[in-house]
Structure formats: C-alpha cells, structure tokens
Amino acid sequence: MVYRLLALDIDGTLLSSNNRLDRQTKDAIQYAQKKGVIVTLVSERHFHSAAKVARALRLTQPIITHNGAFVSSSMDDPVYTSKIDHSVLMQLAEFLETYPCQIQMSHERLSISNRPHQKNLIAKMTIGMNEPLFYPVTYVDSLSQYLLENYEGATDVKVKLDDKKVMDDLEKAISDYFPSLDAWRTAPDSLTLVRQGTSKFNGLLFFAGQLGIPLHEIVAVGDSLQDAEMIEKAGLGVAMRNAPAEVKAKADWLTRSNDMDGVAYVVREVFRKQIRVH
480 MVYRLLALDI DGTLLSSNNR LDRQTKDAIQ YAQKKGVIVT LVSERHFHSA
530 AKVARALRLT QPIITHNGAF VSSSMDDPVY TSKIDHSVLM QLAEFLETYP
580 CQIQMSHERL SISNRPHQKN LIAKMTIGMN EPLFYPVTYV DSLSQYLLEN
630 YEGATDVKVK LDDKKVMDDL EKAISDYFPS LDAWRTAPDS LTLVRQGTSK
680 FNGLLFFAGQ LGIPLHEIVA VGDSLQDAEM IEKAGLGVAM RNAPAEVKAK
730 ADWLTRSNDM DGVAYVVREV FRKQIRVH
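Residue numbers (the numbering used here): 480 to 757.
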C-alpha cells in the first residue's frame, strides 16, 4: 500500500510529555517528506500555537487546528472553517451567564473569557488548556455584551464549572436547547462546545479531499479520544502507547509512547519500503 498523507496529532503524540520536539521526530518527518509524503498536523490547539510546531517541522501544507474547525497555512486565508455562528454564540453566552461558570470563547486570533468567579480559576483556565499561551485571552465582564459590539463567530467554547451535578445539568440543557452544537466533556468539570459536525476527522477529510487523496492513502497518528475517529477511518490508524484503551482499540497499529519517539518509530517503519510518491 502506498500512503500519500501523514496526519499527526501534536500533544501526547508529536511532543514528549515535557512539550519537546525531539530530533529523531524532526528527522523522521523530513524523511517522509523526502519520499513525497504530504505531512499535516491535526490538533485541538489554536492556529497560532500549532503553526509554531509546523514551522519547527518545516511543513508547507495547511494544518488542521481548533479540533478541525480551522484549516489553513496562514491566519488570514483559511481553506476551511467550521465556526459557531454569531447568533448562536449570543444565545449561548446569555444562557451560560445564568450559571456560575468560567466561559472561554475562542477563534483563530484570540480568546474572550468572562472574569472568573474565583481568583484561582484564571490560573486553572489558562494552564489547563494543555498548551503554552501563545495568543491573548481578553477578560470581559459580560460575554453577551462583548458579542453585541463584536460580530464574530467562535471555533470553540470551553466551559468550566466546579460543581459536577450542576455541570451534568448544564450539559443536558445544552444538548436540549442548542441542537446546532456538539459538546463533549474533557474533564468532570470541563465542557467543550463546537459547531455540530466539527471534528478532527472532518477537518482532515476536507483537507485530503482538496488534495484528491482518498482515506485509504492516509496514515493518522494520535493519542486522545478526539483522535479516535481519524485513527479508525484512515487507511492506517496508529495509536500511541500512551493513548487510552478505547483509542488503542480503534487502531491498526500501536507505536511507542510519545516519550519513546513513537512518531519517529512508526514513520520509519511504515515509509521505509515505500518508494517516492510523485
């Protein structure tokens, strides 16, 4: 089988646990590219942050960011977006502001957050996003007021609420009142909302379609539940050894962990015998 596209998650996959990009990984990506394989990133990170990793790897193709909601090579000229419409965002902000929760709405340029009800929540929100803060978070007193004055959509909305029972009620209410949104729990106290149909897999599917590359010619590598669909449906789905059991169950191949150069290992093994793609 000839594989023409290599799709890589960032956190827990490309990067080691201390957020480093190892030399072996960089070399392996160069090796794949020399064989004519197109390499892209598929990440929950926002564009600015993922683009730094892409530059470090010398990738030239668009990358899939914001959990599939923003596919682009540059901030200004996306090839694909899947954003929550401003009108839905307005209703959502008004609804969420009736709960004692921390709300962060993001798009490719910045994040807007309401002021935390507890002081230590700021640190929790910013550090808990699983990545260094590369773009600004603007704190406002009222998100609904901000949206009245700023007409923009959002790639995602993150909600944090310490009371698990209230969070359970909130999650159910959102699924009842906002059918145009998909929601998933990233932790017992955290919820992520996106436009319905937004996923890493759908972002990857659009990107591959633009290049005329069918699913069976894609290698997808990841470690999280958000990666499970692309791992299951790609021609070769690879799970990291540090992935949860349910993600490993979807994979065709299990590689080493992110701290044991798992991406470098799978790239060398899979593309070693492959002749250059034209």
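Glycine included, every Cβ here is placed at the ideal spot set by N, Cα and C.
Quantities reported herein were computed from a predicted structural model and do not represent experimental measurements.
A contact between stretches requires three or more CB pairs, one per stretch, nearer than 8 angstroms, and the stretch 536-550 meets this requirement with the stretch 676-683. Assigned with DSSP and collapsed to three states, Met646 falls in helix.
Nearest in C-alpha terms to His565, of all of Thr492, Leu627, Gln689 and Ile692, is Leu627.
Contact check between the stretch 498-518 and the stretch 526-540: three or more CB pairs, one atom from each, fall below 8 angstroms, which counts as touching. Of Ser496, Tyr510 and Thr677, the smallest CA-CA separation from Asn721 is found for Ser496. Every beta strand (DSSP E) stretch that sits fully inside the stretch 482-512 and reaches 3 residues is listed by chain position as 484-487.
Boundaries cannot be given for Val516, as no alpha helix (DSSP H) includes it and DSSP labels it neither H nor E.
Every beta strand (DSSP E) stretch that sits fully inside the stretch 662-710 and reaches 3 residues is listed by chain position as 669-674 and 697-701. Taking 8 angstroms as the cut-off, the beta carbon of Ala687 is found closer than this to the beta carbon of Ile697. Residue range Gln581 to Ser585 is occupied by the beta strand (DSSP E) that includes Met584.
Three or more beta-carbon pairs separated by less than 8 angstroms are not found between the stretch 506-524 and the stretch 556-570, which leaves the two stretches without contact. Looking at the backbone, the Cα of Gln512 and that of Arg588 are separated by about 29 angstroms. Residue pairing from DSSP leaves Tyr630 without any beta-bridge partner. In the DSSP assignment, the residues bridged to Tyr618 are Ser592.
In the structure shown, Gly716 falls within a strand segment according to DSSP collapsed to helix, strand and coil. Relative to Leu493, the option among Val616, Ser736 and Asp655 whose CA is nearest is Ser736.
Cβ neighbours of Gly676 within its own chain (closer than 6 angstroms, five residues either side excluded): none. Checking the DSSP bridge columns, you'll see Ser566 has no partner listed. In the three-state DSSP reduction, Tyr559 falls in the strand class (E or B).
Residue environment: Ile582 is assigned as buried (16 or more neighbouring CB atoms within 10 Å of its CB, all protein chains considered).
Note on geometry: alpha-carbon atoms of Glu650 and Ser621 lie some 21 angstroms from one another.
In the structure shown, the three-state DSSP call for Lys651 is helix.
Around the beta carbon of Tyr482, 16 or more other beta carbons sit within 10 angstroms, so the residue counts as buried.
Annotation: Tyr630 to Ala572 spans about 13 angstroms, alpha carbon to alpha carbon.
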